[in-house]
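**Q**
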Amino acid sequence: MFEFFFTQTTNSWEETVYVPTPAGYLLLGVLLALAVGLLFFFLKRKEKRLTALQITFCALSMALATVLSTLKFFSLPFGGSITLLSMLFVCLPGYWYGARVGITAGVAYGLLQFVLEPVFYSLPQMLIDYPLAFGALGLCGLLSRKKHGLPLGYLVGVLGRFVFAVLSGVLFFAAYAPEGMPVLLYSVAYNGSYLGLEAAITLVILLLPPVGAAMDHVKTLARRTPA
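Just so you know, the sequence shown maps onto residues 1 to 227 in my numbering.
(1) Scan the segment 92 to 120 and note each continuous alpha helix (DSSP H) run of 4 residues or more that stays entirely inside, going in chain order.
(2) Note down the Cα distance separating L197 from P151, rounded to an integer number of angstroms.
(3) Could you check if N11 is buried or exposed, using at least 16 other CB atoms within 10 Å of its CB as the buried criterion?
(4) Go ahead and pull the three-state DSSP assignment for S122.
(5) Taking three-plus beta-carbon pairs below 8 Å as touching, is the segment 118 to 129 in contact with the segment 138 to 157?
(6) Cα-Cα, which of L184, G24, E179, R161 is closest to F172?
(7) Can you grab the Cα-Cα spacing for the pair A222 / E14, in whole Å?
(8) When burial is assigned at 16 or more other CB atoms within 10 Å of the CB, is P210 buried or exposed?
(9) According to DSSP, which residues form a beta bridge with Y18?
(10) Provide the residue span of the beta strand (DSSP E) that contains K72, from first to last.
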């Protein structure tokens, strides 16, 4: 069954990897549609109907995150990069509407990132590095109602993604650790380098008073109820 959806090939380092077959692309499309459907479900109001405003804000946030993910200041050789605030925009649905919406939006974004570059080493590795790691950014929503909820929630979300990135490094990329270096330490250092730097840059920007005020205003608009 697995071979029906994914086929084996080699990458530029002569490593065995998998890419989707036409049926695999169809499966990924279905999974992405299901994730988006769940996102819409969680955006329902008490009257059990969607608001176009909420859908629009989430769609715009995911679209901006996807565009910004291509603007990379630096890319590491074995995966991972410092982008222009892309993780912030993945976190925003959670900040606006809570953790359930945020996690679902993050999972959908992770699947979209995989669809854009669908190469993986194993199914567990793909699940950890894409839907689970990016879904963890939605944990930002746990602090959506707190004072300074966005910068604090953003830290929580990035920490969640960091945990999954480190786990992936230990389970699937231990061979890349320098000889004599503990695998866990290598994974923490490797993944912390790009995630930590992007988080630090983003937090500096978020803590600027005009930016904080603008983000609060956008949240007010995002949570506005129709007349």
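Glycine included, C-beta positions come from ideal geometry on N, C-alpha and C.
**A** Here's the rundown:
(1) 99 to 116
(2) 15 Å
(3) exposed
(4) coil
(5) no
(6) L184
(7) 47 Å
(8) exposed
(9) Q8, F120
(10) 72 to 75
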